[in-house]
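Structure record follows, encoded as structure tokens.
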Amino acid sequence: MTTITIAVTGSISAYKAADIISELGKLGHDVTVLMTEAAQQFITPLTLQVLSKNPVHTSVMAEDRPEVVNHIDLAKQTELFLVAPATADTIARLAQGRANDIISAVALALPSSVKKMIAPAMNTMMYDNLLTQANIKTLEKVGFKEIEPRVALLACGDLGKGALATVDDIISAVQANLLD
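If you're matching positions, the sequence shown starts at 2 in this note's numbering and goes up one per residue.
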């Protein structure tokens with residue numbers, strides 16, 4: 002059983018994290034969930050807690066167990082780190098090495114041996130923006146693998162590349178990465 006930490010960020014596609022978590026659990030993986038404040042506006046931590054069968058972590062300042070530093074302990078337990086959906090903001094924070102929320106703090110503390118993946122989800126113009134593309138390239142240089150978004154009719158009404166990859170494609174990419 003692999004310990005997978007899934008980081009859920011504030012995209013309309015955050016609701017799909019429920020299916021991703023459920024499928025990973027069915028495959029026998031132990032899933033830990035991290036959520037940004039914005040993600041909690043789209044789906045509740047309770048939903049993801051029930052599906053993952055683990056506590057959901059929403060704050061870098063929450064230190065429930067005095068014997069450990071939470072974000073460091075979570076990073077040490079992680080074998081594969083997946084950000085799905087990955088917003089432009091989270092991608093930028095990860096590329097800058099920031100640690101101002103639970104997701105970026107855990108990401109920064111990950112041992113180098115941990116497999117890391119992002120599944121971007123955003124408007125086409127945001128995804129194609131040179132800054133976002135530079136941030137993705139920066140993350141690739143430090144070991145992140147991108148699960149590319151798909152072309153679809155987006156929530157804003159635009160048609161283009163930026164929709165979160167399908168749940169099946171994300172699960173397949175995770176499984177393939179675990180075999181590498």
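All C-beta atoms, glycine included, are put in the ideal place defined by N, C-alpha and C.
Every value quoted in this text rests on a predicted model; they were computed, and no experiment measured them.
For residue i, which residues of its own chain have a beta-carbon under 8 Å away from its beta-carbon, when the five flanking residues on both sides are left out?
{"i": "L35", "result": "T6, I7, A8, V9, V57, H58, T59, L75, I103, I104 and V107"}
{"i": "K146", "result": "K116, K117, M118, I119, A174 and N178"}
Taking residue i as the reference, give the member of the options with the closest Cα.
{"i": "L95", "options": "N71, T125, V143 and S113", "result": "V143"}
{"i": "P86", "options": "Q134, T139 and A39", "result": "A39"}
{"i": "P112", "options": "D170, L154 and Q78", "result": "Q78"}
{"i": "C157", "options": "I73, L81 and M123", "result": "M123"}
{"i": "R182", "options": "R151, L160 and V61", "result": "Residue 182 is absent from the model: the chain starts at 2 and stops at 181."}
Run through the DSSP bridge pairs and tell me what residue i is partnered with.
{"i": "D31", "result": "T4"}
{"i": "A87", "result": "P121"}
{"i": "A100", "result": "Paired residue(s): none; A100 is not in a bridge."}
{"i": "E147", "result": "I119"}
{"i": "F82", "result": "T6 and K117"}
{"i": "M36", "result": "V9"}
{"i": "V57", "result": "V34"}
{"i": "V69", "result": "According to DSSP, V69 bridges with nothing at all."}
{"i": "V152", "result": "K162"}
In chain order, what residues of the same chain lie with their CB nearer than 6 Å to the CB of residue i, ignoring the 5 residues before and after it?
{"i": "N55", "result": "T33"}
Do residue i and residue j have their C-beta atoms within less than 7 Å of each other?
{"i": "S23", "j": "L52", "result": "yes"}
{"i": "K162", "j": "T125", "result": "yes"}
{"i": "A153", "j": "A164", "result": "yes"}
{"i": "M2", "j": "G26", "result": "no"}
{"i": "G11", "j": "T133", "result": "no"}
List the endpoints of the continuous beta strand (DSSP E) containing residue i.
{"i": "L160", "result": "L160 to A164"}
Tell me where the alpha helix (DSSP H) around residue i begins and ends.
{"i": "S173", "result": "V168 to L180"}
{"i": "S53", "result": "P46 to S53"}
{"i": "K138", "result": "L131 to K142"}
Using a Cβ-Cβ cut-off of 7 Å (strictly less than) and excluding sequence neighbours within five positions of residue i, which residues of its own chain qualify?
{"i": "Y16", "result": "F43 and I44"}
{"i": "D20", "result": "V168"}
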